[in-house]
């Protein structure tokens with residue numbers, strides 16, 4: 001018997017259409033549920049980081065380096081419920097793809113715990129470990145007290161340690177020493193940088209120093225790198241197998257300009273070049289941002305990353321040639337802070353930084369990793385949603401993997417990542433035209449040690465401009481102060 005579709009009742013068609021619609025909706029719902037479960041499973045398996053610290057303590061100051069065999073080593077600080085400070089390090093276990101049990105490094109009770117001046121470790125070429133940490137002694141009318149950097153040495157892989165000593169044990173403690181960094185050099189010794197104190201300019205710029213370990217005799221005589229560094233930003237170091245060393249720091253230029261400077265050595269730290277301020281940010285701020293730069297180097301190329309709060313703000317990356325002249329500069333992220341670099345064996349650069357963002361009425365911070373090579377700039381988000389991750393550090397492990405570690409709500413996490421997974425292309429290409437920066441020339445000797453208009457302390461190296469009055473050279477921190485001074489010249493006659 002044949003049916004004519006025109007003879008099928010409308011109610012029959014409506015019932016079947018309704019069933020088909022319900023079946024379609026059910027299929028979509030089932031797919032959505034399965035997809036949601038799959039996404040949750042992927043987040044759990046692929047994105048959840050490894051917890052390193054003890055959950056019953058307040059952890060911070062995570063630092064990554066490598067031993068003399070290029071195996072990653074991590075260090076961090078924990079403060080227990082009694083307020084006691086504990087400094088740990090752990091070696092990477094290649095078989096387990098995780099860190100081995102922690103080893104304690106003894107520290108003094110007055111050790112300072114802060115991210116820009118965190119405790120650190122470095123491995124010499126003979127299995128010797130050098131640990132450094134800051135201390136603070138309360139001083140009247142000094143907000144952070146009087147700081148110093150101490151070091152201690154282990155000759156048996158961390159089982160025992162020498163008594164802590166100041167890095168300048170032969171000199172009197174005048175002013176503070178802080179915001180240091182440490183690295184193994186090509187000759188197996190350890191290099192360290194820090195910010196010192198100029199007794200004649202204690203309230204403003206701080207000198208940048210470098211020193212090198214001398215066998216088992218501690219550190220040698222410091223070398224002055226720059227006499228006017230920003231007061232509270234960490235210094236950074238890079239080195240290569242040829243004995244070339246680079247020191248980068250936040251400079252403090254006339255007019256309170258806080259750009260990034262560099263000085264280099266080609267003889268393993270015996271001598272350093274005249275410092276050059278290269279970043280061209282022209283960031284003027286009356287205070288220290290507590291956010292220092294990072295540097296890695298290979299052959300004659302230097303790669304630097306830093307934060308600036310200038311008109312074009314965020315984290316930036318630059319490539320410098322052998323003469324420390326900037327070749328390329330680009331913005332990595334306008335909302336980034338606390339950027340750190342590492343260098344892969346093939347020369348690819350990896351940058352890690354945190355980005356703050358708002359979701360409804362809540363604020364969060366995530367970690368983004370960039371890969372930079374001849375093909376361009378690529379990025380990857382590596383933290384879970386709605387976390388407060390910050391102060392990332394990054395270290396290469398082998399040819400294609402990195403370890404990224406960070407702090408989140410008083411806990412330390414880390415993640416192992418294959419750099420081949422860093423594939424997303426940022427929305428904008430923010431490469432800038434590079435304009436060579438000319439460091440202000442050194443002025444002649446001046447009659448006054450302060451700007452007569454604003455009262456800022458100045459000297460021959462920090463003055464922006466001068467004028468001659470009654471046979472005396474008067475210096476100024478800025479062109480504006482000089483103009484104000486000249487406008488009132490008639491009243492002084």
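In full-length UniProt numbering, the protein residues as written are 1 to 493.
We treat Cβ as the ideally placed atom computed from N, Cα and C, and that holds for glycine.
Note that the coordinates shown come from a computational prediction; the quantities given were computed from them, not determined experimentally.
Residue 48 has its alpha-carbon roughly 14 Å from the corresponding atom of residue 98. The residue among 412, 410, 393 with its C-alpha nearest the C-alpha of residue 403 is 393. If you draw a straight line from the Cα of residue 61 to the Cα of residue 303, it is about 24 Å long. Counted as a single uninterrupted DSSP element, the stretch harbouring residue 283 is not any beta strand (DSSP E), since DSSP gives it neither H nor E.
Rounded to whole angstroms, residue 426 and residue 378 show a C-alpha spacing of 7 Å.
One alpha carbon belongs to residue 220, the other to residue 453, and they sit about 42 Å apart.
DSSP places residue 326 inside the beta strand (DSSP E), whose first and last residues are 326 to 333.
The shortest CA-to-CA distance from residue 282 to any of 131, 225, 253 is the one to 253.
In this structure the region 331 to 346 touches the region 290 to 309; the number of beta carbon pairs closer than 8 Å is three or more.
Selection 385, 387, 417 evaluated against residue 395 yields 417 as nearest (Cα-Cα). Here residue 229 is near residue 206, since their CB atoms are less than 8 Å apart. Runs of the beta strand (DSSP E) spanning 3 or more residues and lying entirely within the region 338 to 376 occur at 349 to 359, 362 to 373, in chain order. Under DSSP, residue 389 forms a beta bridge with 408. Burial is judged here by how many other beta carbons sit within 10 angstroms of a residue's own beta carbon; residue 109 has fewer than 16 and is exposed.
Residue 148 is bridged by DSSP to 135. When 258, 184, 178 are compared, the shortest CA-CA separation from residue 250 is found for 258. When rounded, the separation of the alpha-carbon atoms in residue 161 and residue 151 is 10 Å. Taking all protein chains in view, the Cβ of residue 64 is crowded by 16 or more other Cβ atoms within 10 Å, so the residue is classified as buried. Shortest Cα-Cα distance from residue 106 to any of 94, 165, 300 involves 165. Rounded to the nearest angstrom, the Cβ distance from residue 149 to residue 163 is 15 Å, too far for a contact under 8 Å. Straight across, the Cα-Cα distance linking residue 266 with residue 243 is about 6 Å. Going by C-alpha positions, residue 248 is about 12 Å away from residue 192. Residues of the same chain with a CB within less than 8 Å of the CB of residue 474, apart from the 5 flanking positions on each side, are 446, 447, 448, 452, 466, 467, 468, 485 in chain order. Residue 305 and residue 295 have their C-alpha atoms roughly 7 Å apart. In the structure shown, the three-state DSSP call for residue 309 is coil. Closest in C-alpha terms to residue 199, from the list 384, 187, 174, 154, comes 174. The alpha-carbon separation between residue 232 and residue 147 amounts to approximately 12 Å. Residue 115 sits in a helix when the DSSP states are folded into three classes.
Only residues of its own chain outside the window of five on either side were considered, and among them 175, 176, 177, 206, 207, 208, 209, 222 have a CB closer than 8 Å to the CB of residue 196, listed in chain order.
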